[in-house]
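Residue 458 in our numbering sits at position 282 of the sequence shown, with consecutive numbering throughout. Contents: one structure, followed by commentary.
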Amino acid sequence: MSIGSIGVIGAGAWGTALAQTAAAGGEPVLLWAREAEVVAAVNDDHANPLFLPGVPLSPAIRATGALADLSACDALLVVTPAQHLRGVLAALPPGDAPLVLCAKGIEAGSGRLMSEIAADFRGDDAIAVLSGPTFAHEVGAGLPTAVTLACADESVGAALAARLARPGFRPYLSTDVIGAEIGGAVKNVLAIACGVVEGRGLGQNARAALISRGFAEMVRFGRARGARTETLAGLAGLGDLVLTCSSTSSRNFSLGLGLGQGRSAADLLADRRTVAEGAFTAPVLHEAAAAAGVDMPIVAGVCALLGGSAAVDDVVEALLARPLTYEG
Ligand SMILES: NC(=O)C1=CN([C@@H]2O[C@H](COP(=O)(O)OP(=O)(O)OC[C@H]3O[C@@H](n4cnc5c(N)ncnc54)[C@H](O)[C@@H]3O)[C@@H](O)[C@H]2O)C=CC1
Ligand SMILES: O=C(CO)COP(=O)(O)O
177 MSIGSIGVIG
187 AGAWGTALAQ
197 TAAAGGEPVL
207 LWAREAEVVA
217 AVNDDHANPL
227 FLPGVPLSPA
237 IRATGALADL
247 SACDALLVVT
257 PAQHLRGVLA
267 ALPPGDAPLV
277 LCAKGIEAGS
287 GRLMSEIAAD
297 FRGDDAIAVL
307 SGPTFAHEVG
317 AGLPTAVTLA
327 CADESVGAAL
337 AARLARPGFR
347 PYLSTDVIGA
357 EIGGAVKNVL
367 AIACGVVEGR
377 GLGQNARAAL
387 ISRGFAEMVR
397 FGRARGARTE
407 TLAGLAGLGD
417 LVLTCSSTSS
427 RNFSLGLGLG
437 QGRSAADLLA
447 DRRTVAEGAF
457 TAPVLHEAAA
467 AAGVDMPIVA
477 GVCALLGGSA
487 AVDDVVEALL
497 ARPLTYEG
């Protein structure tokens, strides 16, 4: 199987950076943007100042506002925020091009992972997940980046990896679709927690403890949903956790920073154009964990902070006062 033309659905920071990567060899890429001003800026100025400022885009990227235009593409990278995935897939004309799911989140209400939503529109062998430590502005600038590319069908996964790989963009293959997406969804919530630690001035020991114990929560939840530990310990889990738990370039970390400084979630989330997925994922992850009998105290703490039902110091005190136990 060989994949030529690529369509990208969603022209936020990440969709635009992925379009830029896919077009790096001069191959045409069609980018669907929801905003007419983004379509115009990409086509007229080869730029997306709204979502990925400062990155001159390849002229091989053409933008469209019509999802139907993507019908002829060999593969579609789906890069809308998680809560909009279902709506966008439902609006796509029917087809069998593989879907590469790039959003990091869990659907509110249904508790479904992205691949579980996509299963309503494609067979398992045409669903892939691309995830890992990937700040869009760094990928847009061509800085070295590695990702997990997971697909149950190894030949489809290999064809996608061959098409998307660049000297500075290195996909590692996996067949663990669920593991790749749980890593990305859970790390966003943990990045909020690490931002709180920073904002409240709790120190670097606390942040390292939170990354380790947060990773333990990710593994417990992932295994309950059928993920492999090795996937969660890889780029899509631990790799992305380390990235977003240590940088204000992360929107989720920055949201936590504000919470730690005493601002309310409502204030911090008001009028945002960009997405902090962890804020949507936290409550649904908390519910899903409870339903599966998985203990996720850090995730529960983030939920309480986002919902305004607890203060930072109370959440920290409660986490530290948990009964002493074995690490493993
Ligand atoms: N920005 C990054 O560095 C990375 C982002 N991601 C993930 O990619 C996904 C997209 O994030 P970004 O590109 O950063 O978004 P963004 O925050 O840059 O932009 C928001 C996006 O949401 C879209 N949007 C808003 N309302 C919508 C609706 N009703 N229907 C469809 N789309 C709508 C906008 O058109 C825009 O594309 C998220 O799940 C994020 O976690 C993954 C890796 C890196
Ligand atoms: O997922 C990301 C990097 O891998 C981007 O993180 P934020 O959404 O927190 O900015």
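Even glycine gets a Cβ: it sits at the ideal position worked out from N, Cα and C.
Residues that DSSP places opposite residue i in a beta bridge
i: residue 326; result: 305 and 350
i: residue 364; result: BP columns for residue 364 are empty, so no partner.
i: residue 219; result: Answer is none; residue 219 lacks a bridge partner.
i: residue 317; result: Residue 317 is not bridged to any residue.
i: residue 240; result: 208
i: residue 358; result: Looking at the DSSP assignment, residue 358 forms no beta bridge with any residue, so it has no partner.
i: residue 185; result: 208 and 254
i: residue 345; result: 321 and 342
i: residue 282; result: 289
i: residue 228; result: 224
Residue i to residue j span [Cα, whole Å]
i: residue 410; j: residue 188; result: 25 Å
i: residue 282; j: residue 184; result: 20 Å
i: residue 383; j: residue 323; result: 24 Å
i: residue 271; j: residue 306; result: 20 Å
i: residue 327; j: residue 342; result: 19 Å
i: residue 263; j: residue 501; result: 44 Å
i: residue 488; j: residue 436; result: 7 Å
i: residue 275; j: residue 299; result: 10 Å
i: residue 424; j: residue 377; result: 14 Å
i: residue 251; j: residue 234; result: 19 Å
i: residue 459; j: residue 503; result: 25 Å
i: residue 495; j: residue 244; result: 50 Å
i: residue 318; j: residue 338; result: 18 Å
i: residue 345; j: residue 314; result: 11 Å
i: residue 357; j: residue 279; result: 8 Å
i: residue 285; j: residue 261; result: 14 Å
i: residue 201; j: residue 238; result: 15 Å
i: residue 431; j: residue 396; result: 25 Å
i: residue 186; j: residue 402; result: 29 Å
As assigned by DSSP and simplified to three states, the class of residue i
i: residue 470; result: coil
i: residue 401; result: coil
i: residue 336; result: helix
i: residue 420; result: helix
i: residue 431; result: helix
i: residue 456; result: helix
i: residue 271; result: coil
i: residue 439; result: coil
i: residue 255; result: coil
i: residue 415; result: helix
i: residue 276; result: strand
i: residue 178; result: coil
i: residue 486; result: coil
Whole-Å CB distance - residue i paired with residue j, under 8 Å assumed
i: residue 304; j: residue 332; result: 7 Å
i: residue 217; j: residue 316; result: 14 Å between Cβ atoms; not a contact.
i: residue 231; j: residue 190; result: About 12 Å separates the two Cβ atoms, so there is no contact after all.
i: residue 507; j: residue 365; result: The first residue shown for the chain is 177 and the last is 504, placing residue 507 beyond what the model contains.
**Prompt:** Any contact of the segment 412–427 with the segment 456–472, i.e. 3+ C-beta pairs under 8 Å?
**Reply:** Contact between the segment 412–427 and the segment 456–472 is not established, with fewer than three Cβ pairs separated by less than 8 Å.
**Request:** Specify whether the segment 452–470 and the segment 354–362 touch according to this definition: at least 3 beta carbon pairs, one from each stretch, less than 8 Å apart.
**Result:** yes
**Message:** Taking 8 Å as the cut-off, does the segment 285–300 touch the segment 216–226 (at least 3 CB pairs, one atom from each stretch)?
**Reply:** The count of Cβ pairs closer than 8 Å, one atom from the segment 216–226 and one from the segment 285–300, stays below three, leaving the stretches out of contact.
**Message:** Tell me whether the segment 481–494 and the segment 433–445 touch, counting them as touching only if at least three CB pairs, one residue from each stretch, are closer than 8 Å.
**Reply:** A contact exists between the segment 481–494 and the segment 433–445.
**Request:** Indicate whether the contact test is met: 3 or more Cβ pairs, each with one atom in the segment 194–208 and one in the segment 348–355, closer than 8 Å.
**Result:** no
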